[in-house]
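Residue numbers (UniProt numbering): 1 to 255. Here a beta-carbon is modelled for each residue, glycine too, at the ideal position from N, C-alpha and C. Contents: one structure, followed by commentary.
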Ligand SMILES: Nc1ncnc2c1ncn2[C@@H]1O[C@H](COP(=O)(O)OP(=O)(O)OP(=O)(O)O)[C@@H](O)[C@H]1O
Ligand SMILES: [Mg+2]
């Protein structure tokens, strides 16, 4: 299904898909890392995933788009068994943005966004370039389309990475600490961009240490520890009324 519709303001609105995890288990070799993670993310909503280092947050996102295969359990994308979709096809439907932007250093911002469109999506070069330019304009980088990554700030590079993921018209976006590598003054711009995607209807799973963002933007917050979901619910419930001792301890350390 196509996940986007155009609007008059040349800004896309999205038709995000639902994402469901059922008893997801993951391991590295013989070492279990995720245990029976179950989650429901409604279409067009944002789930923020928080938890201590090593709790399995990145592993969870990697399982959802099959950068690492789950050992058991189910992932349903728009109700469809995502573990049976070819991984390369799945990754067109589920975009991912990492802490380190993973841009091609020898290509301009525009080429970084356009490349996958003609290589993976099979668009003509002119069509891909046209769409890439629109996506860059949307993330505020229309003027910087011809710059290479080294001539862009960290925040601008991350916005190129987001434009690149959006250009594929995904149904879900995963963010893994997308702002942790940025200088503090650049964090806000990227978080504002992410909050805007949420308002425009994208389905998002966001691993973050930005508790203010999670409280403000998330429809659901998930607290993970030692490979398990310990608590999940509305941000005000988790932040103001944590039930488990583990979440209470975590919040007292990070807030
Ligand atoms: N490629 C790997 N091979 C083996 N073990 C790994 C691998 N990647 C992660 N792990 C282990 O899996 C566990 C979960 O790691 P993961 O990266 O998912 O945690 P995280 O919650 O994202 O942590 P952080 O907040 O530090 O990014 C950790 O114990 C980690 O050491
Ligand atoms: Mg991580």
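Query	Result
Pairwise C-alpha distance: residue 15 and residue 170	9 Å
Pick from 124, 161, 126 and 127 that is closest to residue 141, judged by C-alpha positions	161
Contact check, residue 235 vs residue 214, beta carbons under 8 Å	yes
Per-residue DSSP class, three states only, for residue 23	strand
Among 70, 13, 12 and 20, nearest to residue 30 - alpha-carbon criterion	70
Cβ-Cβ separation, residue 223 to residue 230 (assumed contact under 8 Å), whole Å	5 Å
C-alpha gap between residue 200 and residue 57, whole angstroms	25 Å
Under the three-state DSSP convention, the category residue 120 falls into	coil
Presumed contact (8 Å Cβ cut-off) between residue 163 and residue 136, rounded CB distance	5 Å
Inter-stretch contact (C-beta, 8 Å, three-pair minimum) for the region 122-134 and the region 179-196	no
Uninterrupted alpha helix (DSSP H) stretches inside the region 196-238 (no shorter than 4 residues)	211-217
Through-space distance from residue 123 to residue 62, alpha-carbon basis	27 Å
Any residue whose CB is nearer than 5 Å to a heavy atom belonging to ligand 1, listed in chain order	28, 33, 53, 54, 55, 56, 57, 58 and 59
Contact the region 33-45 vs the region 141-155: 3+ CB pairs below 8 Å	no
Reference residue 189; option with closest CA among 103, 35, 80 and 155	155
Whole-number beta carbon distance between residue 21 and residue 73, since they are thought to touch under 8 Å	7 Å
Euclidean distance between Cα positions of residue 113 and residue 251	38 Å
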